[in-house]
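Structure first, commentary second.
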Amino acid sequence: MPNPQLSIMVVDDTKFSSAVIGHTLSQAGYTDIRFASSAMAALAMHEERAASVMVADWLMPEMDGLQLTTRIRQRDEQTDHYTYVMLLTAREGDNVLGEAFDRGVDDFISKSAMSEQLLPRIYAADRITQLINRLLEENRLLASNNAQLEEHNLVDSLTALGNRRYLQQRLEDALQQVESRGGYCSLLVLGIQNFDEMGGRFGEAVQQELMRGIARRLQQLVRPMDVIARIGNNIFAICTVGDNIDDCKPNSFRRLHDGLNLKAFKTSEGYLSVRAGMALSRVEKNDSILAAGDMLQQVEQHLGQAYATNLITEVRMPQLA
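According to UniProt numbering, the stretch in the sequence shown is residues 1 to 321, in order.
Okay, here's the thing in structure tokens:
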């Protein structure tokens, strides 16, 4: 049975031909039929409201059916819509039709057999365009849902540690705790200096093995209450809180530095060593306390110095006015 709401556009510079097609479609029960006497008019109408099926003459002045199809496909890409394009033609031959299919045409109707072919082809076009546009809509919804999930995601999918968003939330909580209750908060940012080099030599899979191995080792080396996150491709961060700031000096993290730099990681390419640089900042109650994002950015900017010196670089936060 026909779908009366199917949006059909008939594009033909010959009024008689358009009238015949329109009469046949109306008699079959279709109600949403629009007519364009040129390809340019069809494009304007299609932009205003997209058609589901377009029946167009192949040979038209100014812009033929193939050129019209190309423009329709470009428009469809921009709007996530699919228009089923059917050309009316008296042309024959595999080469001609093959070129048309390559240009995005979906089907043809021979003008000499239009009375027998038009409605069955329209029924088929209806089923196909409904299926494709339903899939496009489902993909749009899926992409939207994924974007919403990603917006609130707090977990790094590779290492199962927290991600950058998670680190900033926990760091903000820690800074507020220091401001209200005292004690200290430290932020250690560590980067893997030879990460790209490893990728160039061994590939992305080995890079990922290293990141997972580093994550596991960090979990073994830090205290249970410390917050660990992977905040970039080759960058991790650790947030700690405590009562005595003297317990939070660069030397306090030497075991962490040596645990990454002096002990190789087992991978599918054998044991590989990494070069880790670390930058550390700490604040206590009487310090001027930045927002978490600003503090993280300040510490990250000193990774280059840490790489150059092979030391744990201490970063002093700027004083707020």
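Note that beta-carbon positions come from the ideal geometry of N, C-alpha and C, so glycine has one too.
Would you report the Cα separation of residue i and residue j, rounded to the nearest angstrom?
i: L188; j: N153; result: 22 angstroms
i: E269; j: I228; result: 27 angstroms
i: V11; j: N146; result: 39 angstroms
i: V155; j: L218; result: 16 angstroms
i: G200; j: L88; result: 55 angstroms
i: L210; j: L296; result: 23 angstroms
i: A28; j: L119; result: 8 angstroms
i: D13; j: E138; result: 37 angstroms
i: L320; j: Q193; result: Since pLDDT at L320 reaches only 49, below the 50 mark, its modelled position is unreliable, and no value is offered.
i: L6; j: A44; result: 19 angstroms
i: D226; j: D243; result: 14 angstroms
i: I128; j: Y84; result: 8 angstroms
i: G259; j: L221; result: 8 angstroms
i: Q117; j: M86; result: 12 angstroms
i: A125; j: Y30; result: 13 angstroms
i: R216; j: L158; result: 12 angstroms
i: L141; j: N133; result: 12 angstroms
i: Q78; j: N3; result: 26 angstroms
i: Q207; j: I214; result: 11 angstroms
i: S26; j: S38; result: 21 angstroms
From this set, the options, which residue's C-alpha is nearest residue i's C-alpha?
i: V241; options: G232, R282, N261 and L218; result: R282
i: T267; options: N251, L221, I33 and R212; result: R212
i: P318; options: N310, L141, D294 and A306; result: D294
i: M278; options: K263, F253 and L262; result: F253
i: I122; options: H257, L272, I8 and R165; result: I8
i: L303; options: R140, G191 and Y30; result: G191
i: A306; options: G65, L280 and G232; result: L280
i: R103; options: T79, G65, L131 and N133; result: G65
Give me the DSSP bridge partner(s) of residue i.
i: V283; result: C185
i: K266; result: Y271
i: R34; result: M9
i: M86; result: V55 and D107
i: I192; result: A276
Name the two residues that bound the continuous alpha helix (DSSP H) containing residue i.
i: A306; result: L303 to T309
i: F16; result: K15 to Q27
i: D76; result: G65 to T79
i: V155; result: Taken as a continuous stretch (DSSP letters only), V155 belongs to no alpha helix (DSSP H), as it is neither H nor E.
i: D196; result: F195 to F202
i: L296; result: A292 to E300
i: A51; result: Run containing A51: none; DSSP gives neither H nor E here.
i: N261; result: R254 to N261
With respect to 7 angstroms, is the separation between the Cβ of residue i and the closest non-hydrogen atom of the ligand ZN below this value?
i: L136; result: What this structure holds is no ligand at all, so the ligand ZN is not there to describe.
For the beta strand (DSSP E) containing residue i, name the first residue and the last one.
i: R230; result: V227 to G232
i: G242; result: I235 to G242
i: E314; result: I312 to E314
Any beta carbon of chain B sitting closer than 8 angstroms to that of residue i?
i: G162; result: The structure shown contains no chain B; it holds only a single protein chain.
- Message: Count Cβ pairs between the stretch 282-290 and the stretch 175-194 that sit closer than 8 angstroms; are there 3 or more?
- Response: yes
- Are there three or more Cβ pairs, one per stretch, closer than 8 angstroms when the stretch 53-70 is compared with the stretch 93-112? yes
- Message: Three Cβ pairs or more, each shorter than 8 angstroms: is that satisfied between the stretch 43-51 and the stretch 16-28?
- Response: no
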